[in-house]
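Residue numbering for the sequence shown follows my numbering, starting at 493 and increasing by one per position.
Some notes on the structure that comes next.
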Amino acid sequence: MDSKWKYYAGLVAVSVIWGANFGVSRSAMETFDPALFAFLRFGLAVPCFFLLLKWKEGSVGLPWKAVLQLAGIGLVGVTGLEIAVMYSIKYTTLANASLLNVAPWPIFAALFAPLFVKESFTRRLAVGGAAAIVGVTFIILGGKEGFDLSSDHMIGNLLAFGVSVVGALFNLSCMSLMKRYSSLRVSAWFILFGSLFMIPFTLGGWGKVDWSGLGAGHYAAIAYNVIVCTVVAFVVWNASMFKIGAARANFFRYVVPAAAVIAGLLFFDESISGWQIVGAVCMAAGLVWISMEKRREPAPVLTRMETREGVVP
493 MDSKWKYYAG
503 LVAVSVIWGA
513 NFGVSRSAME
523 TFDPALFAFL
533 RFGLAVPCFF
543 LLLKWKEGSV
553 GLPWKAVLQL
563 AGIGLVGVTG
573 LEIAVMYSIK
583 YTTLANASLL
593 NVAPWPIFAA
603 LFAPLFVKES
613 FTRRLAVGGA
623 AAIVGVTFII
633 LGGKEGFDLS
643 SDHMIGNLLA
653 FGVSVVGALF
663 NLSCMSLMKR
673 YSSLRVSAWF
683 ILFGSLFMIP
693 FTLGGWGKVD
703 WSGLGAGHYA
713 AIAYNVIVCT
723 VVAFVVWNAS
733 MFKIGAARAN
743 FFRYVVPAAA
753 VIAGLLFFDE
763 SISGWQIVGA
773 VCMAAGLVWI
783 SMEKRREPAP
793 VLTRMETREG
803 VVP
């Protein structure tokens, strides 16, 4: 079997993990302030990333230039995006936030890709992407909440749409660094900085939590977010995205709302409509069509820091 399929499988698996996390996070938000919960998710993941990096690659360092680049990526891609997502959900409907966040993201990734990497927007990608967009629209709007463009939701709508633009640029900005360093090293450093920049936004949330009253469910939610949704998911997604290409990989984000709908059915007794089933089929067909396109393998990712003078310890 062509090795590319394991990377497509990785993208689907991560999207399912992130989609299921909507249900987990919804329960956690009843106890934790959103900014605090996001900080716990990424902040507690930082030691895991660096321990894994040291074990796998023997070093954790980076040149100062790369460190500064990753600081900027962490500020925008972790701190900024997480906060924007949080407030977009607060100031608009869940359907609006999901559609404006998820649907345009891969389109912007495909449009901006030539500015960062040598990727072309092919006819197969356009056709498969269009089918996937139609499918994810049915999935999101087929639920109880419709799309609402009233002025009351304008701030949230703009934030959600901005997330898709900035998110695409965030993904693409990592691609050039992953040509020189492993996806694990890149992920570890930008999540470190993203967590640090998030601290000021958590200051009002610590005192609101009854820490002594936390149960096994709360700790399980935190562990799932830290280990599965962050450490495992970010490494697998970035590694797969590097192999498949940012434009193609980001269309697999459309699996996220489908997984979220299924999580709602399993954990919150939410219903699934016929339109959502049609959307899931349409989306799956589009993603399979994209996956069948042949693509040249990029240069292998360096697993250690290398320069012209040799390996840096």
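In this text, a Cβ means the ideal position worked out from N, Cα and C, and glycines have one as well.
Which residue wins for smallest C-alpha separation from residue 648, given the options 692, 583, 777? The alpha carbon of residue 648 has as its nearest neighbour, out of 692, 583, 777, the alpha carbon of 583.
Boundaries (first-last residue) of the alpha helix (DSSP H) holding residue 615: Counting along the chain, the alpha helix (DSSP H) containing residue 615 begins and ends at 615–633.
Within the chosen definition, does the stretch 673–692 reach the stretch 567–578 through at least 3 CB pairs nearer than 8 Å? Output reads yes: the stretch 567–578 touches the stretch 673–692.
Contact the stretch 707–719 vs the stretch 649–669: 3+ CB pairs below 8 Å: Touching, no, given that fewer than three Cβ pairs across the two stretches are closer than 8 Å.
Run the CB neighbour count on residue 789, radius 10 Å, all protein chains shown included, and call it buried at 16 or more, exposed below. Since pLDDT at residue 789 reaches only 49, below the 50 mark, its modelled position is unreliable, and the value read off the structure follows with that caveat. Classification for residue 789: exposed.
Between the beta-carbon of residue 775 and the beta-carbon of residue 750, is there less than 9 Å? Yes.
Is the stretch 755–773 in contact with the stretch 535–550, if contact means three or more CB pairs nearer than 8 Å? In short, these stretches do not touch, since the Cβ pair count stays below three.
Are there three or more Cβ pairs, one per stretch, closer than 8 Å when the stretch 729–749 is compared with the stretch 503–510? Yes: the two stretches touch, three or more of their Cβ pairs being nearer than 8 Å.
Ignoring anything shorter than 4 residues, give me the alpha helix (DSSP H) runs that lie fully in the stretch 506–575, in order along the chain. Look at the stretch 506–575 and you find these whole runs of alpha helix (DSSP H), each 4 residues long or longer: 526–549, 556–566.
Taking the runs of the beta strand (DSSP E) that are 3 residues or longer, which of them lie wholly in the stretch 650–685? Taking 3 residues as the minimum length, the stretch 650–685 contains no beta strand (DSSP E) run wholly inside it.
For residue 766, report the span of its alpha helix (DSSP H) as first-last. From DSSP, the alpha helix (DSSP H) with residue 766 extends over 766–783.
Between which two residues does the alpha helix (DSSP H) harbouring residue 710 extend? Element bounds for residue 710: 708–715.
Alpha carbon to alpha carbon, how far is residue 592 from residue 617? Give it in angstroms, no decimals. Near 20 Å, if we compare the C-alpha coordinates of residue 592 and residue 617.
Does the beta-carbon distance from residue 525 to residue 655 come in below 9 Å? Their beta carbons are not under 9 Å apart, which means residue 525 does not touch residue 655 by this criterion.
Count the CB pairs spanning the stretch 715–733 and the stretch 515–533 that are closer than 8 Å, and state whether there are at least three. Output reads yes: the stretch 515–533 touches the stretch 715–733.
Any idea if residue 670 is buried or exposed, counting beta-carbon neighbours within 10 angstroms, 16 or more meaning buried? Buried, by the Cβ-count rule.
Expressed to the nearest angstrom, what Euclidean distance is found between the alpha-carbon atoms of residue 515 and residue 581? Using only the alpha carbons, I get a separation of about 14 Å.
Residues in the same chain with beta-carbon distance under 8 Å from residue 773, minus the five sequence neighbours each way, listed in chain order, please. Take residue 773, set aside five residues on each side of it, and the residues of its chain with a beta-carbon closer than 8 Å to its own are 627, in chain order.
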